[in-house]
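Residue numbers (the numbering used here), protein chains in the order written: chain A, 1 to 324; chain B, 325 to 862. Note that beta-carbon positions come from the ideal geometry of N, C-alpha and C, so glycine has one too. All values derive from a computational prediction rather than experimental measurement.
See the structure below:
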């Protein structure tokens, strides 16, 4: 049995309905990603007990917590808008949920957590004096200090700027690895999810569209939505390359090789007479925008092609076919 | 970086403030100097400071203000808690009704209380029908003063705290719950500290307001032991005919207010770590029943005194319908009404215009001195402003060849300008500060002169603030009774002064007819102010 087991959880609103089943193993860091309105935060709120589901069950470590009070669930949560208690200093915030009663031990534990989040010596500071990144790290430490069975993170980095986000996501992953705590991480940032997660659940219209490791989802997407949500690519009707067949052909830019025509490549799909429209230098090569029979194609090339008219070869095993 | 482009037009902003500075100097600073002079020259200030009765009155003033502020604020907290958590039918209407307190003249509360809570009032009559006797003996007591102050100020505390409470998200409370904390711990450690600032600022505001309470203590207290400093100043002028001794009390009141303004928090800025507003939950089941109960409770507190005024204006004491007292009231009161409206219009216009100039200058130069200078009359209190101008009238009489009544009308106008100016300045200044500097800069780069920039770019942006300031000044002036009674010497009347007079003569029905007009006016002004200003008080 999985550590967190969500079975057939349903919630209906006037213009949106959510229906989810999901399993998370102990010690895993699972990200929930998806566009706005896909139900990520609603799911997290139901696990936390902020919202109650219409039906379904949530089991945490074998215990049914579906109808328990927030306080009794043993979950920790880091909120998007941080939510430190302004009336308490950093130390008091971190100690707010501690189960340890002995004052000396509480102080020691808080000091250790401050060290873990890289804010040693910040204990007596007022929370309003902290920067956004510091405040979010304190919020993380506060949740961990309460020794939750699982930690929920609701877009914890979305209010921070890009360099800080990168730094903090690495910090979150390293805290996860050193404590072994199970985490469920909501984000709308694909790159962030790829960087921190053991597994990723892609959500779409209130359902889990796909669930797997970052590599699985990127290399073998199960649907067109997952394919585009996990990275760039090109989709063309299958009938354009294989007469009479229905469906859509999808491939990543790095799998579309530029050839100069006249070559015979039996294990490849060939798109001849494509015209290069744009070439963006990306440091390790070029991302090319091409036009082929009225379709926009994305391809990668190490060198800048000399000709405007080229052909594109896609290895058959790296092309996906979706029936829609 | 020094903003040279900002300095270019400063002279025109500065020039605009000259009339305002002159107004405050002539209409407030000079009369206050006369008050000081009178108290010091005659030695009354020293006498009053040595007199135990001065401290007794001061102590009572502090006591009634403290209790009124405490009762109003504490009573408001549970209502605010509910109104910032749930959405339910009637929620907005109750908030709007509470906003009406900002334009409600104190004299109407006095009248409404006498008619509704009086020993022979409607409530007692109703109760007599049920239990066979008239059990309520509220009026002319300390509780009556507190109840009337709470009537006027509970809605203000309710609005201030509700606005602060509903403006902060629930995440901090949810965070506490996820840490395993219960509702009581969360309320004490998270919610209460978060609303402490708004509760403190509403307490301070109500305390200051009740500290200078006048008509309510005079009528509903009904005896000298319930006199505040303001009422005592009036008593010394009109009963003792002792202006120097009244001046001494004025100075003591001014000093006390100044000390309070210095030590009281001016609404501490709430510490915020998050940005979202909370979403209201739809009330259903038990919470809907609670909502219904709370709405009824507020309506039962706020409506009966006002409804009683309107009802009484059309009914004899015995209950028979009549319009006779409307005719009588209007006959006696049309002159008062006309002078009230003229004074209210002129004083609001003058104070709003002066306040706009001050607001633009202070926003442009980042000066705090001028807004402070122009809000000084607030600290003095309106009875003291009236006293200053009353003393000045004897000097003006010898300088200006006008009849005594005309001079009093002019002084009345002056007093109302000084009373409304601080409110206008405080309403318009934040709007002026919100005008982006880049607008001014871009106007200058387009070759517009600083005067043209003020007129064409900045003043139009102040329109809604000016409108709101005008409306509230108008309402304040129309309901003003303190300074009016000091200056008028019983010779000229305004609408509220006439109502006060009619209450004194137990002619409640005529008072109610005129009170209904005043109530209607307060309602209209409030609606105009709310429509004209989308970020209105509610």
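| query | result |
| --- | --- |
| When the Cα of residue 142/A is compared with those of 467/B, 463/B and 505/B, which residue comes out closest? | 505/B |
| Once you ignore the five residues that flank residue 667/B on each side, which residues in its own chain have a CB closer than 8 angstroms to its CB? | 733, 736, 737, 740, 801 and 818 |
| Kindly indicate if chain B contains any beta-carbon less than 8 angstroms away from that of residue 86/A. | yes |
| Looking at C-alpha atoms only, which residue of 855/B, 414/B and 494/B is the closest neighbour of residue 612/B? | 414/B |
| What residue from 378/B, 530/B and 363/B has the CA that sits closest to residue 389/B's CA? | 530/B |
| Residue 629/B CB to nearest chain A CB: under 8 angstroms? | no |
| Using a C-beta to C-beta distance shorter than 7 angstroms, which residues of chain A count as neighbours of residue 496/B? | 83 and 85 |
| For residue 663/B and residue 552/B, I'd like the C-alpha separation in whole angstroms. | 28 angstroms |
| Can you give, in chain order, each stretch of the alpha helix (DSSP H) that sits fully within the region 198 to 277 of chain A and has at least 4 residues? | 214 to 219 and 224 to 230 |
| Please identify, using Cβ separations under 7 angstroms, the residues of the region 627 to 655 of chain B that lie next to chain A, in order along the chain. | none |
| Are the Cβ atoms of residue 318/A and residue 267/A separated by less than 8 angstroms? | no |
| Compute the Euclidean distance between the alpha carbons of residue 287/A and residue 194/A, then round it to the nearest angstrom. | 21 angstroms |
| Does DSSP put residue 805/B in a helix, in a strand, or in coil? | coil |
| Given 8 angstroms as the limit, is there contact between the region 775 to 782 of chain B and the region 692 to 707 of chain B, that is, 3 or more CB pairs closer than that? | no |
| In chain order, which continuous runs of the beta strand (DSSP E) of length 3 or greater are located wholly inside the region 72 to 129 of chain A? | 75 to 78 |
| On the DSSP letters alone, give me the boundaries of the beta strand (DSSP E) that residue 315/A sits inside. | 309 to 315 |
| Measuring straight from C-alpha to C-alpha, what distance separates residue 682/B and residue 348/B? | 12 angstroms |
| Please say whether residue 201/A and residue 4/A have beta carbons closer to each other than 8 angstroms? | no |
| So which residues on chain B does residue 123/A lean against when the C-beta distance must stay under 9 angstroms? | Within chain B, no residue comes near residue 123/A; the closest Cβ sits about 17 angstroms away, beyond 9 angstroms. |
| Would you be able to state if there are at least three C-beta pairs under 8 angstroms between the region 144 to 155 of chain A and the region 108 to 120 of chain A? | yes |
| Going along the chain, which residues of the region 71 to 82 of chain A sit with their C-beta nearer than 7 angstroms to a C-beta in chain B? | 71, 75, 76, 77, 79, 81 and 82 |
| Just the C-alpha distance for residue 815/B and residue 823/B, rounded to the nearest angstrom, thanks. | 14 angstroms |
| Identify the continuous alpha helix (DSSP H) that holds residue 136/A and give its terminal residues. | 132 to 145 |
| Based on DSSP bridge pairs, tell me the residues matched to residue 605/B. | 410/B |
| DSSP puts residue 154/A in a beta bridge; with which residues? | 186/A |
| So if DSSP puts residue 639/B in a beta bridge, which residue, or which two residues, is it bridged to? | 645/B |
| Determine the contact status of residue 685/B and residue 693/B, defining contact as a CB-CB distance below 8 angstroms. | no |
| From 10/A, 45/A and 67/A, pick the residue whose C-alpha is nearest to that of residue 54/A; which is it? | 10/A |
| Give the residues of chain B in contact with residue 50/A, contact being defined as C-beta atoms less than 7 angstroms apart. | 498 |
| With DSSP run on the structure shown, which of helix, strand or coil describes residue 494/B? | coil |
| Out of 299/A, 265/A, 48/A and 180/A, state which residue places its alpha-carbon closest to the alpha-carbon of residue 274/A. | 299/A |
| Using three-state DSSP, classify residue 11/A as helix, strand or coil. | strand |
| Whose CA, out of 365/B, 475/B and 811/B, lies closest to the CA of residue 624/B? | 475/B |
| Residue 501/B CB to nearest chain A CB: under 8 angstroms? | yes |
| Less than 8 angstroms between CB atoms is the rule here; does residue 96/A satisfy it with respect to chain B? | yes |
| So that I know if they touch, is there some Cβ in chain A lying closer than 8 angstroms to that of residue 518/B? | yes |
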